[in-house]
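To start, the structure under review is shown below, and the notes come after it.
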Amino acid sequence: MVGRIPVMEVSPVVDLGRQAAKATVGEPFPVRATVFREGHDQLAAEVVLTGPDGVARPPVRMTPHETEPNRYEAWVTPDSTGRWTFEIHAWSDPIATWEHDAGLKVPAGVDVDLMFAEAEVLCRKVLEQVPDGGPEASLLRGAINAATDSSRPPAARMAVLQDPALVQVMTEHPVRELVTVEGPFPAYADRQRALFGSWYEFFPRSEGAREEADGTVVSGTFRTAAERLDAVAAMGFDVVYLPPIHPIGEVNRKGPNNTLTPGPGDPGSPWAIGSKDGGHDAVHPDLGSLEDFDAFVARARELDLEVALDLALQAAPDHPWVTTHPEFFTTRLDGTIAYAENPPKKYQDIYPINFDNDPTGICREVLRVVKHWMSHGVRIFRVDNPHTKPLAFWEWLLKEVRRTDPDVLFLAEAFTKPPMMHGLGAIGFQQSYTYFTWRNAKWELEEYLREVSSESDHVMRPNFFVNTPDILHAYLQYGGPAAFKIRAAIAATGSPSWGVYAGYELFEHVAVRPGSEEYLDSEKYQVRIRDWDAAEAEGRTLAPYLTRLNEVRRAHPALQLLRNLTVHHSDDENVLVFSKTAETEDGGRDTVITVVNLDPHSTRETTVHLDLPALGFSWGDTFVVHDEITGQEWTWGQHDFVRLDPGHEPAHVLTVRSHG
Numbered sequence: 002m003v004g005r006i007p008v009m010e011v012s013p014v015v016d017l018g019r020q021a022a023k024a025t026v027g028e029p030f031p032v033r034a035t036v037f038r039e040g041h042d043q044l045a046a047e048v049v050l051t052g053p054d055g056v057a058r059p060p061v062r063m064t065p066h067e068t069e070p071n072r073y074e075a076w077v078t079p080d081s082t083g084r085w086t087f088e089i090h091a092w093s094d095p096i097a098t099w100e101h102d103a104g105l106k107v108p109a110g111v112d113v114d115l116m117f118a119e120a121e122v123l124c125r126k127v128l129e130q131v132p133d134g135g136p137e138a139s140l141l142r143g144a145i146n147a148a149t150d151s152s153r154p155p156a157a158r159m160a161v162l163q164d165p166a167l168v169q170v171m172t173e174h175p176v177r178e179l180v181t182v183e184g185p186f187p188a189y190a191d192r193q194r195a196l197f198g199s200w201y202e203f204f205p206r207s208e209g210a211r212e213e214a215d216g217t218v219v220s221g222t223f224r225t226a227a228e229r230l231d232a233v234a235a236m237g238f239d240v241v242y243l244p245p246i247h248p249i250g251e252v253n254r255k256g257p258n259n260t261l262t263p264g265p266g267d268p269g270s271p272w273a274i275g276s277k278d279g280g281h282d283a284v285h286p287d288l289g290s291l292e293d294f295d296a297f298v299a300r301a302r303e304l305d306l307e308v309a310l311d312l313a314l315q316a317a318p319d320h321p322w323v324t325t326h327p328e329f330f331t332t333r334l335d336g337t338i339a340y341a342e343n344p345p346k347k348y349q350d351i352y353p354i355n356f357d358n359d360p361t362g363i364c365r366e367v368l369r370v371v372k373h374w375m376s377h378g379v380r381i382f383r384v385d386n387p388h389t390k391p392l393a394f395w396e397w398l399l400k401e402v403r404r405t406d407p408d409v410l411f412l413a414e415a416f417t418k419p420p421m422m423h424g425l426g427a428i429g430f431q432q433s434y435t436y437f438t439w440r441n442a443k444w445e446l447e448e449y450l451r452e453v454s455s456e457s458d459h460v461m462r463p464n465f466f467v468n469t470p471d472i473l474h475a476y477l478q479y480g481g482p483a484a485f486k487i488r489a490a491i492a493a494t495g496s497p498s499w500g501v502y503a504g505y506e507l508f509e510h511v512a513v514r515p516g517s518e519e520y521l522d523s524e525k526y527q528v529r530i531r532d533w534d535a536a537e538a539e540g541r542t543l544a545p546y547l548t549r550l551n552e553v554r555r556a557h558p559a560l561q562l563l564r565n566l567t568v569h570h571s572d573d574e575n576v577l578v579f580s581k582t583a584e585t586e587d588g589g590r591d592t593v594i595t596v597v598n599l600d601p602h603s604t605r606e607t608t609v610h611l612d613l614p615a616l617g618f619s620w621g622d623t624f625v626v627h628d629e630i631t632g633q634e635w636t637w638g639q640h641d642f643v644r645l646d647p648g649h650e651p652a653h654v655l656t657v658r659s660h661g
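Counting from 2, one number per residue, gives the positions in the sequence shown under our numbering.
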C-alpha cells in the first residue's frame, strides 16, 4: 500500500528487490526516491542504512534534486563487507512548514502571534531530544524566550528563530509526523578490490620460454613466469590474470593462427581444456606441478599481487569429463558430441557443456573445481563466456561461494547484449568486461562513461581492458604508439578497474588479416617469446607510462571510485574531457581532470569548458592544475585552452592543487 507520505521510484533496486544492488566498502552510493504529499505542508526524508551486523547506521538526510520535482537523494557508504539493507523514512516536517510560512507571514504582519506560538511548541519538542545543559539546549531555550517575548519587535524575534545555528539543531533533531517507511531494499558491499584494481594478463607458457637452435620452442613454467611478476608489480598492477593453466587437449588441437593443421610441437589453445593429463583441477605438465603453482601464488602475494585464474567451463574432446560424465555434453543425432560455435567462428577443439542434462552433477563438479583453486590461494576468477551458461547456474554458484568465502571475486567476460551483461552483474558477478574497446569516438565515449558510472552502476561494475588476446581493435592497429597512450589514459582514469594484456606495452598491433581483431601469430595458439629487456634498453616500451598512470591511480582517491564521474565539454570533436572528485580522509577534496586528444595522428588545439560546481568550485573561481604526466602547471577556470600533440603527450591527467 502507498504510505501516508508516498515514497515511489526508489533506486537502486535490482529485479524488484530480489537481487542486491552493487556496493563496495568505503564507496558512497546514491539512494534516490520520489517523495511527495498532498497540500502545501513541507516534508522531509532520510536514508537509514543497516549493516550485516544488524545495526542501523546514523540516518542520512535526503536533499531535493535541483531540476527534478519531488526527487530526493542521499549518498550512503557501507563500512564493512556483507549484505546491507536501506530504508527510506519520509515524514511531514512541521519545522520546515513553520520556516516557510513564518518567513512569509511575519514580515507581512499575518498571524504573527500564531506563528510564534507554533515556534514555541516546536522548540520544546526538539528540546526534549537534546542533552540537558548542553549548547543545543541553550540555543533552544533562547529561541523559546524569543518566541514567547511579545515585548520584542517581531523582526528581532524572527532573527533569533532564523539563526543558522538554531536551524542546524532543528534539522539534526527533526520533529517527525505521519512517518512512512519504505523498504528494506538489499545491497551487497564487496571488498575494495571488486571496485578498484589494475589488471595485467599474461600467458605463463610464454614467460621464460626459449627457442632452441633447431627451432624447437621450450615452454615457460610457473617458475620462469614468477620472474616476470617483479616487473608487473613495478608497473603498479594489483592483479595478475592467467589464462587457463590446465592440460590442453590433443584431439582437434588448433595450430598457429587458429589453423586446423597443428604441427607436433604446437601447444594448442589453453581454452581447449583437458587431456590424458587431467582436467580443470590439474595443471599443464609443461608449466610444472601444483606445488610450482603454489610457489607462483606465494611470490605474487609477496609483491602485493593477487592472482586471478581463468574459469572456462568447457572441455577438449579428450577431457576426462567426456568419459566420466558424458551427460555433461550435447550429443547430436549422429552420435557425435557437438563442438562450440560462434558463427562464423568454429571451435572444433572445444565441447560446450549442456547445463540441462545433469544440472545437479554439473553444479557439484564446478563448485568442487572452484573450491580446489580457492584452497590454492586463488581469490579472483575471470570467467570465460559466462553468457553462454544459464543465469540460474551462476546465481547458485556465486551464492554458494559467497556464503563461505565472501572475499572471492568473479569477473564476467561477456561481450554480448546489455540485458545479459546486466543480468550477470545483478545475480552476483562482482565485475564485468565492457564495450569500452569498441567505444572510440568522442560521443561514444561520453555516452559510455555516463552509462557505466551512473546508469548501470547498481548492477554492473566495469573493468576497462584496453586489449585482450581476442580483441585488437582497428584503433590500435593503425593509431601508432599514441593510440596506445590514449586508450590507456582513458581506461586508467575513466574506470576504477582497468586491464592490460601483455604486449600492449610493446605496441603489438598487427592483425592476422585486414578487418580482423585477431592478433597475427596469436598467443592463444602458440608461445610468444618477448624480449622485455631489449625493449626497455631501446626505449620501445610503454611501461613507464603505464607505471605513471597506476601511480596516479593509487595516489588519488577520486580515481578509485566509479560513481563520481562528470563529462565536460570541449569545442573539438576529438578532445574528450571528464573529471572525478572525491572527499579525502581529512575532509578535503581530491579532483582529477582528464583531457584526451582522441586523434592519434594530429595535434589538436581547442577550448575546454568545465562545469565548475561539479568540481566543487563557484563559476568565477580559478585554481591551479598539475599535469601528473609532464609535471607542468597552469591556472585554470571555467574556460581553458589546451594543445595536445599525440607525438608528445596526447593526454592531460590533471590534479587540482589549489585556488588561484
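Think of the CB as a built atom: it goes at the ideal place given N, C-alpha and C, for glycine as much as any other residue.
{"Asked": "Given proline 470 as reference, the closest of Ala503, Arg440, Ser457 once Cα atoms are compared", "Found": "Ala503"}
{"Asked": "Sequence-distant residues of the same chain with beta carbon closer than 7 angstroms to glycine 661, five excluded per side", "Found": "Confidence at glycine 661 is low in this model, with a pLDDT of 48, below 50, so the placement of that residue is unreliable and no value is reported for it."}
{"Asked": "Beta-carbon proximity of alanine 227 to valine 218, cut-off 9 angstroms", "Found": "no"}
{"Asked": "Residue interval of the alpha helix (DSSP H) (run including serine 580)", "Found": "Looking at the DSSP string, serine 580 is not in any alpha helix (DSSP H); the run it does join, the beta strand (DSSP E), is 576-584."}
{"Asked": "Complete alpha helix (DSSP H) runs within the segment 110-139 (minimum length 4 residues, chain order)", "Found": "113-128"}
{"Asked": "Option nearest phenylalanine 203 by Cα separation, candidates Asn146, Thr225, Leu655, Val182", "Found": "Thr225"}
{"Asked": "Whole-angstrom C-beta distance between isoleucine 351 and alanine 317, which should lie under 8 angstroms", "Found": "7 angstroms"}
{"Asked": "According to DSSP, residues forming a beta bridge with alanine 366", "Found": "One detail in the question is off: residue 366 reads as glutamate in this sequence, not alanine. According to DSSP, glutamate 366 bridges with nothing at all."}
{"Asked": "Residue closest to methionine 421, alpha-carbon to alpha-carbon, out of Leu392, Gly266, Tyr189", "Found": "Leu392"}
{"Asked": "Burial state of asparagine 343, where buried means 16 or more other Cβ atoms lie within 10 Å", "Found": "exposed"}
{"Asked": "Lysine 486 - containing alpha helix (DSSP H), residue span", "Found": "481-495"}
{"Asked": "Helix, strand or coil at proline 257 according to DSSP, with G and I counted as helix", "Found": "helix"}
{"Asked": "Under 9 angstroms between C-beta atoms of isoleucine 491 and leucine 566", "Found": "no"}
{"Asked": "Cutoff 6 angstroms; reference glutamate 121; Cβ partners in own chain excluding five residues on either side", "Found": "Ile145, Ala148, Thr149"}
{"Asked": "Same chain, Cβ closer than 6 angstroms to arginine 529, five either side skipped, listed in chain order", "Found": "Ser207"}
{"Asked": "9 angstroms Cβ cutoff met for alanine 283 and proline 248", "Found": "yes"}
{"Asked": "Reference isoleucine 472, options Tyr505, Thr607, Gln527, Glu447, closest by Cα", "Found": "Tyr505"}
{"Asked": "For methionine 375, the three-state DSSP class (helix, strand or coil)", "Found": "helix"}
{"Asked": "Lysine 1 in three-state terms, based on DSSP", "Found": "For the chain, the structure presents residues 2 to 661; residue 1 sits outside this window and is missing."}
{"Asked": "Identity of the residue in Arg644, His570, Thr592 nearest serine 603 by Cα", "Found": "Arg644"}
{"Asked": "Residue closest to arginine 564, alpha-carbon to alpha-carbon, out of Val14, Val15, Lys23", "Found": "Lys23"}
{"Asked": "Contact belief for serine 199 with arginine 440 at Cβ below 8 angstroms, rounded distance in angstroms", "Found": "The Cβ separation is near 20 angstroms, so there is no contact."}
{"Asked": "Outcome for tyrosine 479 when other beta-carbon atoms lying within 10 angstroms are tallied against a minimum of 16", "Found": "exposed"}
{"Asked": "Delimiting residues of the alpha helix (DSSP H) encompassing histidine 610", "Found": "Where histidine 610 is concerned, there is no enclosing alpha helix (DSSP H), although the beta strand (DSSP E) it sits in stretches over 605-610."}
{"Asked": "Cβ pair arginine 403, glycine 429 closer than 9 angstroms", "Found": "yes"}
{"Asked": "Member of Leu611, Lys372, Glu28 whose CA lies at the smallest distance from the CA of arginine 194", "Found": "Glu28"}
{"Asked": "When His90, Asn468, Phe238, Val182 are compared against leucine 547, the one with the closest alpha-carbon", "Found": "Phe238"}
{"Asked": "CB-CB length for isoleucine 630 against arginine 549, believed under 8 angstroms", "Found": "6 angstroms"}
{"Asked": "Endpoints, alpha helix (DSSP H) assigned at glutamate 452", "Found": "Unbroken run through glutamate 452: none, as it is neither H nor E."}
{"Asked": "Beta-carbon contacts of glutamine 130 that lie in its chain and below 8 angstroms, excluding the five residues immediately before and after", "Found": "His174"}
{"Asked": "Integer Cβ distance of phenylalanine 382 from isoleucine 354, believed to fall under 8 angstroms", "Found": "Not confirmed; about 16 angstroms, so no contact."}
{"Asked": "Nearest-angstrom Cα separation, counted from phenylalanine 30 out to aspartate 628", "Found": "29 angstroms"}
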